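Numbering (my numbering), first residue to last: 277 to 1038. In this text, a Cβ means the ideal position worked out from N, Cα and C, and glycines have one as well. Computed from a prediction, not measured in an experiment: that's the story for all the values here. Everything on this sheet refers to the single structure shown next.
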C-alpha cells in the first residue's frame, strides 16, 4: 500500500520512550525519554492499549507541557502508576503526522510506503525503490540488523542493531535510501564477520573468508576526513543525541572501501561505528536472502500473542505501528503488542536528512585551451543540496576552500592554476536551508596537472663578441610551440654564469612570440669569457610551460693608448721632475667607456725609472724624480693591465732634457813667493744649452792674502766663458801649501759646482 503519510504512536512503555505514566486524581502525567515538543491547550494526544484502566483509552487535550513531561485531565479520578508490567502496550500518539517512510508487519502481509512528506527528496528512484524493498523485507521477516536465536530450543530472538557497516542491505538505514555501492538495490546475501567496536579489524570479510559482495560500506567516525564536514544531528536510527552518555557525541558518516577499510584514518578502535549511542563488542552480520520467510503468515494485524518475550540485543527496533509481528514459529512475545525504540515507525525524513551525503564521482581534468582545471561530479545519493564547496590541495599540502557553487550546478572551473604543481580536489555538499550549514564529509579526492602550452626560449646578444665595458643587450624570445596561437605571458630571468642578472623582465609582444630584454647593467670581464648567458621563462597565469635558452657571450679586452708628459722640460740637474702617464680606452664612442686599471712602468730608455705606479680611477699614473743626469733622456710609459680587461700599451717617447754646466780651473797647482801674485783661469762650459748667470767665488786663500774673481759673474749663453782668479800674497803671507776652491752657482737656482787647485807659498 502507498500513502501520503502515516500517523503512529510516538511514546510507549514497551520501548522505553515513556519512562513513567502516573495518575493522581483527575491528572494523568506522562514522562517521555526525550523532549516531546507538545503545546498545552492546543495539542491533543490519543491513548491506546491501556489494560488495567481501559477507560483511559481515548483522545485528550494536553493540559500542561514542559520538557519531557506533559499531562491530561481524565474524567474519573484515580491514583495509579502504569508500568510495562501492568500495561506493556500502553502507547500515546500526538495526532501529528510524521515523516516516517513506511509501516510494515514483521513477517506479515501488510506494508505501507509513505513518502508524501519527503518532498523532492522522496521522489527519486533510489529512495522509492529502496523504501519499497525495505518495507517488503519487513513483511518477509527481516529487521534492521538481522536477528538470531542465541538460546538453543528457544524461539526468543536477539535483534541486532541498526546501521552496522558489516550488514550490506537496504534493511539498514545506512543503505535504505542511498542503496549499496553505486546504486545497487539488494538485501544482504552473505554473513559478514562480527565487529568489535573496541578492536576493529582492518577490513570486512564474510564468515567463510570471502570478500564482501559490495566493495564499499558506510560507518560513523569521530572526526571528518581532511577535517571537513558537519556531524550527524541524531543517532543513525533517529534517536536523539545524548551528549552526556554518548561515547562519541559528534560523529561523521564516512563511506569507503570495505576490504581493506579505507580511509583507515577514520576507522578507529573504540568508536561507535553504527552510532547507536553504545560501544558494542559484537556487531554481527546477517544474510537476508538466507533467512527470508515468504509465507507471510502468523501476523495478526500487527499484534502477536503467546508466552515468552523479545530480547532486543544492543540495538533498537522501530517498526510500523509499533507492533512486531513475525511468521509462524519465528517470534513469540508476551501478550499484547511490541513498541520498540521511539515508536515512530521506520526511517523518517529527519533521520535520513540528519547528515549531508558527499557528491559522487568527482573528476578533474585540464581544460582546452590550457590554463584551467575543470571539475565535474554527480549529485549525492540523498538530500536537497543548497550549495557545493570545492577544496584544493597543491602538491600534497593541506586542502583549502577555493570556491562554492549553487546546488543546481555540478561543475566548477579552477582558473587559478599554474603549470607543474599537482592539484588535488574534493567537493562537499551543503544541505539546503540548514542553520548552521550542514556540510558533508569530503567526496573522493581527484588530482590533475594543468596542461600548459609548450614554449621555447632563445637568447640573442646585441653584439658578440663584445669589448670589455661595452653595453650589451640580451634579448630572450619566448615562442608558443603548442597547438594554440596564444601569446606567452610571464617573465624572463636572465643569469650570467649562474648568477641572476637583475630582476625578472616581463614579456611583451603579440602573436605566438613574446620578448624580454635585459635591463640590468653589469660588467662582463674578459676573465671567464665566453660567459654563459641563460634566460629562464616563467609563466604566472598558468597557460604556458616554462622553458630556457642559452648563449655564450665572448668578451675581448678593450684597446688602450698611453701618453706621457713632464711637469718641466727642460729641467735643471737635480731639479724634481714629475712624469704623468695617461691611459685611455680607445675602443671608440658607442663601444666601451670603461676606465683602464692596472699600472705604469716609467722607462728611461731601456732602464727602469722607479717602480710600477698604479693607475688611478682617472686612468692616470705619476712618478716624481730628481735623479736624472744631465743630458737628454728618452722617457716612455709602459701600461700593463692585470685583470686582462684591457690591452697593454706603450707611450711614444718623451725627450727629457736635463741642463747643467761644468767648471774647470788652470793651472791645477802653482808656487809663488811672498809678496807675489798667483793667477788661475776658471772656464764655465754649459751642458745641454744651459743659459743663465753664474756667480763665481774663491775660498781657501792663506792668511794675509786676497783672492778675487774677475768677472765675478758670467752669463752663459750656450758657449764656454772664462774668468780670472787673482791671489795677491803680501810679505806677511803664511807660507805653506793651500787648497783654493773656486765655486760657480747658478743665480736664482740651487745648481752649483766647485773645483780645487793647489797653491804653495814660499
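- Residue 1013 and residue 882 have their C-alpha atoms spaced approximately 48 Å apart.
- Beta-carbon to beta-carbon, residue 654 and residue 633 are separated by about 11 Å, too far to satisfy the 8 Å threshold.
- Residue 507 and residue 713 have their C-alpha atoms roughly 11 Å apart.
- Annotation note: the segment 360-428 contains the following uninterrupted alpha helix (DSSP H) runs of length 4 or greater, listed N- to C-terminal: 401-415.
- About 10 Å separates the CB atoms of residue 670 and residue 701; that is not less than 8 Å, and the two are not in contact.
- At a Cβ-Cβ threshold of 8 Å, residue 433 and residue 443 do not count as neighbours.
- With a 10 Å radius around the Cβ and a threshold of 16 neighbouring Cβ atoms, residue 474 comes out exposed.
- Under DSSP, residue 880 shares a beta bridge with 883, 911.
- Residues 309 of the same chain have their beta carbon placed closer than 8 Å to that of residue 292, with the five preceding and five following residues left out of the count.
- Residue 887 is positioned such that its CB atom lies no closer than 8 Å to that of residue 854.
- Counting C-beta pairs closer than 8 Å gives three or more between the segment 377-384 and the segment 415-423, which meets the contact rule.
- Scanning 489, 788, 469 for the CA closest to the CA of residue 460 turns up 489.
- For residue 282, DSSP records a beta bridge to 374.
- The C-alpha of residue 666 lies about 58 Å from the C-alpha of residue 744.
- Apart from the 5 residues on each side of it in sequence, residue 794 sits with its Cβ closer than 7 Å to the Cβ of 749, 750, 770, 777, 778, 781 in its chain, given in chain order.
- Using a Cβ distance threshold of 8 Å, residue 967 and residue 939 do not count as a contacting pair.
- For residue 861, the enclosing beta strand (DSSP E) begins and ends at 853-861.
- The criterion of a C-beta distance shorter than 8 Å is not satisfied by residue 957 and residue 996.
- In this structure, DSSP gives residue 331 a helical state, which the three-state scheme calls helix.
- Remark: C-beta atoms of residue 471 and residue 482 do not approach each other more closely than 8 Å.
- Annotation for residue 991: the continuous beta strand (DSSP E) segment containing it runs 989-993.
- The beta carbon of residue 343 sits closer than 7 Å to those of 311, all from its chain and outside the five residues before and after it, given in chain order.
- By the Cβ-count criterion, residue 684 is exposed, with fewer than 16 other Cβ atoms from all chains shown falling within 10 Å of its own Cβ.
- Here residue 862 has 835, 836, 837 as same chain residues with Cβ atoms under 7 Å from its own Cβ, once five neighbours each way along the sequence are excluded.
- Its chain contains 348, 350 as the residues whose beta carbon lies nearer than 6 Å to that of residue 304, once the 5 sequence neighbours on both sides are disregarded; these appear in chain order.
- Bridge partners of residue 301 according to DSSP: 354.
- Residue 458 counts as exposed, since fewer than 16 other beta carbons sit within 10 angstroms of its beta carbon.
- If you look at residue 947, you'll find it in the beta strand (DSSP E) that goes 945-948.
- Across the set 639, 792, 673, 898, the C-alpha of 898 shows the shortest separation from the C-alpha of residue 840.
- A distance below 8 Å separates the beta carbons of residue 480 and residue 493.
- Rounded to the nearest angstrom, the gap between the Cα atoms of residue 649 and residue 395 is 35 Å.
- Per DSSP, reduced to three states, the secondary structure at residue 768 is strand.
- The three-state secondary structure of residue 708, taken from DSSP, is coil.
- Spanning the alpha carbons of residue 731 and residue 697 requires a straight line of approximately 17 Å.
- Residue state for residue 564 is assigned as helix, using DSSP reduced to three classes.
- If you look at residue 1014, you'll find it in the beta strand (DSSP E) that goes 1012-1022.
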